[in-house]
Amino acid sequence: MIKLTVNGRAHEADVEGEMPLLWVLRDVLDIKGPKFGCGIAQCGACTVLLDGAPVRSCSVPVAAIAGKKVTTVEGLEVNGHLHPVQQAWLDHEVPQCGYCQGGQMLTAVALLRHNPKPSDADIDAAMTNICRCGTYARIRTAVHAAAASSQSKRA
Ligand code: FES
Ligand code: FES
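Okay, here's the thing in structure tokens:
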């Protein structure tokens, strides 16, 4: 039995420790925000935050996350309030098909946590998730917008 905390809720999963975290989230806990894309840590569709840092959950055995907090895109909204990154994604109509966007937003959240005012180059370096719909320009715009909105709230 593996214990894990996802989006602030404690769970137990009766799975083998080597099962990828993505499988546990989607198929055991029914948390469908993280998506399967490549399965080899390349595309980022399966991105979740592990103690605030983005990881590719298709390539993390669930046993490796004991004691750590997992955040999926479902955990960004708090008490009905969208995270500034989610709001910026909406305001700037970032998604096309949407498949990659949960992972994109989580990567952006992690970037803004350690770099509240990223440059274009910082964004391009951090946002390594692949988008087959080519929304990269709007992602960059939305990250700047989320940074500005977070800063205005702090001011
Ligand atoms: S499915 Fe995990 S990185 Fe592509
Ligand atoms: S919005 Fe379609 S893959 Fe990114």
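Heads up: the sequence shown at position 13 corresponds to 3 in this note's numbering, and the numbers run straight through without jumps. Glycine included, C-beta positions come from ideal geometry on N, C-alpha and C.
Can you list every residue whose CB sits closer than 6 Å to some heavy atom of ligand 3, going in chain order? With respect to small molecules bound, the structure shown includes ligand 1 and ligand 2 and not ligand 3.
For ALA100, is the classification buried or exposed, using 16 other Cβ atoms within 10 angstroms of its Cβ as the cut-off for buried? buried
To which residues of the same chain is THR9 closer than 6 Å at the C-beta, ignoring the five residues directly before and after it? Note on residue identity: the sequence assigns Met, not Thr, to residue 9. Cβ within range, chain order: VAL52.
Got a sec? Which residues, its chain only, sit under 8 Å from ASN(-3) by beta carbon, not counting five neighbours each side? ILE21, VAL60, THR61, THR62, GLU64 and GLY65
Measuring from the CB of ARG16, is there a heavy atom of ligand 1 at a distance below 6 Å? no
Pull up the DSSP beta-bridge partners for THR(-5), would you. ALA0 and LYS59
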